[in-house]
Amino acid sequence: MTVIDPDTQAGWAAEAEAEEEDDAEDMPLSLRLSIADTLTLGNATCGFMAVYFTTTGILIPHLTGSDETGMARHSAATAVILMLAAAIFDLFDGLVARKLRSSPMGAELDNLSDLISFGLAPAYFVLVYGMVADDAHQRVSALAAIVVLLAVVLRLARFSCVTMKDGMFQGMPSPFGALTVISIVLLELPFPPTLLAIVGVAWLMVSRVEYPKPRGILAVAMLSWIVAAMGLLAAWAFDAPGGQLLLQTGCALQVVTGAVIPLFATARRVNTFRDNRREARAAQLP
Numbered sequence: 562m563t564v565i566d567p568d569t570q571a572g573w574a575a576e577a578e579a580e581e582e583d584d585a586e587d588m589p590l591s592l593r594l595s596i597a598d599t600l601t602l603g604n605a606t607c608g609f610m611a612v613y614f615t616t617t618g619i620l621i622p623h624l625t626g627s628d629e630t631g632m633a634r635h636s637a638a639t640a641v642i643l644m645l646a647a648a649i650f651d652l653f654d655g656l657v658a659r660k661l662r663s664s665p666m667g668a669e670l671d672n673l674s675d676l677i678s679f680g681l682a683p684a685y686f687v688l689v690y691g692m693v694a695d696d697a698h699q700r701v702s703a704l705a706a707i708v709v710l711l712a713v714v715l716r717l718a719r720f721s722c723v724t725m726k727d728g729m730f731q732g733m734p735s736p737f738g739a740l741t742v743i744s745i746v747l748l749e750l751p752f753p754p755t756l757l758a759i760v761g762v763a764w765l766m767v768s769r770v771e772y773p774k775p776r777g778i779l780a781v782a783m784l785s786w787i788v789a790a791m792g793l794l795a796a797w798a799f800d801a802p803g804g805q806l807l808l809q810t811g812c813a814l815q816v817v818t819g820a821v822i823p824l825f826a827t828a829r830r831v832n833t834f835r836d837n838r839r840e841a842r843a844a845q846l847p
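Using the numbering used here, you'd call the opening residue of the sequence shown number 562 and step up by one each time.
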């Protein structure tokens, strides 16, 4: 019979705990996820599930000749609500990262998640729209989807390389661009203007137009708008009275906002250029 000294056993336990703590301390910082990183992964998950619902609820019924063909309301609404949820995660992960801390791989996680939710998911939505809509052209829609995807890829790559002044983005932010593209599709306009508007949004994402970052009151307004858009989509999906009109109104406001912001930014840049010229001329006068 072996007798174990309680003091010796306690010493072993203390040594084991110390080794575990040392292993945790030796873990590279790049492998530790922060709260902001967890929100970022929620963003990626929502984007992937949006692709899933677009496939199972819209594309497969169309290909199999199911009774529920075309842009099925429930599945389309679910896919878009998931993209809106991804935008909420994207909004909060930045806020949390500024308030608390972010891991060294936070920026890379954010770009990869944005590529899924605001690049792949809306581009795939456009592709499926081209396959199920009556007046759409599948190959042209596929080209438009590629343009949207590449615009987001370039937009995110440039964001990592270009330093902008505080509080501003260069080019339409990818979440805003993705929601604008989806709004254009849900408006159910004729195919040619729909295609042109989608390509126009893709161009805005890679343009030099300045957009304000959603902070403070602007962040609250953006969050309120996203929640309201979710309500409009739910009303449309369940065929509520006036749901179709409410959805089209909300989509139209999203598209108009996307078109108006560049106009204000251009007007501000022109005014700044004029003011600088006037100051330079005034300085040259004796």
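Even glycine gets a Cβ: it sits at the ideal position worked out from N, Cα and C.
Please read all numbers here as calculations on a predicted model, not as lab measurements.
- Around the Cβ of Asn837, a 10 Å sphere holds fewer than 16 other Cβ atoms; the residue is exposed.
- Listed in chain order, the non-local C-beta contacts of Asp696 below 6 Å within the same chain comprise Phe752, local neighbours out to five positions each way being set aside.
- For Glu749, no beta strand (DSSP E) segment is defined, and its DSSP state is neither H nor E.
- If you draw a 10 Å sphere on the C-beta of Cys812, you find 16 or more other C-beta atoms in it, and that means buried.
- In terms of Cα proximity to Ile596, the closest of Leu624, Leu645 and Ala658 is Ala658.
- Looking at the DSSP output, Tyr690 bridges to nothing.
- The C-beta distance from Ser735 to Asp675 rounds to 5 Å, short enough to meet the 8 Å contact threshold.
- The secondary-structure analysis by DSSP pairs Gln805 with nothing; it has no beta-bridge partner.
- Boundaries of the beta strand (DSSP E) harbouring Met729: Met729 to Gln731, taken from the DSSP string.
- Per DSSP, the unbroken alpha helix (DSSP H) holding Pro622 starts and ends at Ile621 to Leu624.
- Residue nearest to Trp797 within the set Thr639, Thr615, Thr606 and Ser627 is Thr639 (criterion: CA-CA distance).
- If you draw a straight line from the Cα of His623 to the Cα of Met729, it is about 42 Å long.
- Pairing Gly655 with Leu602, the inter-Cα distance amounts to about 13 Å.
- If the five residues before and after Gly691 are omitted, its C-beta is found closer than 6 Å to the C-beta atoms of Ala697, Gln699 and Ser702, all from its own chain and listed in chain order.
- Under the three-state reduction of DSSP output, Pro775 falls in the coil class, being neither helix nor strand.
- Using a 10 angstroms sphere on the CB of Gln845, the tally of other CB atoms stays under 16, which defines it as exposed.
- In the same chain as Val762, and ignoring 5 residues on each side of it, the C-beta atoms closer than 6 Å to its own belong to Gly738, Thr741 and Val742, in chain order.
- Distances from the CA of Ala633 to each of Ala790, Pro665, Met644 and Leu620 were compared; the closest alpha carbon is that of Leu620.
- The alpha-carbon of Ala637 is positioned some 7 Å away from that of Phe614.
- For Arg700, the three-state secondary structure derived from DSSP is helix.
- Counting of Cβ neighbours within 10 angstroms places Cys607 among the buried residues, the total reaching 16 or more.
- In this structure, the beta-carbon distance from Met791 to Leu645 falls below 7 Å.
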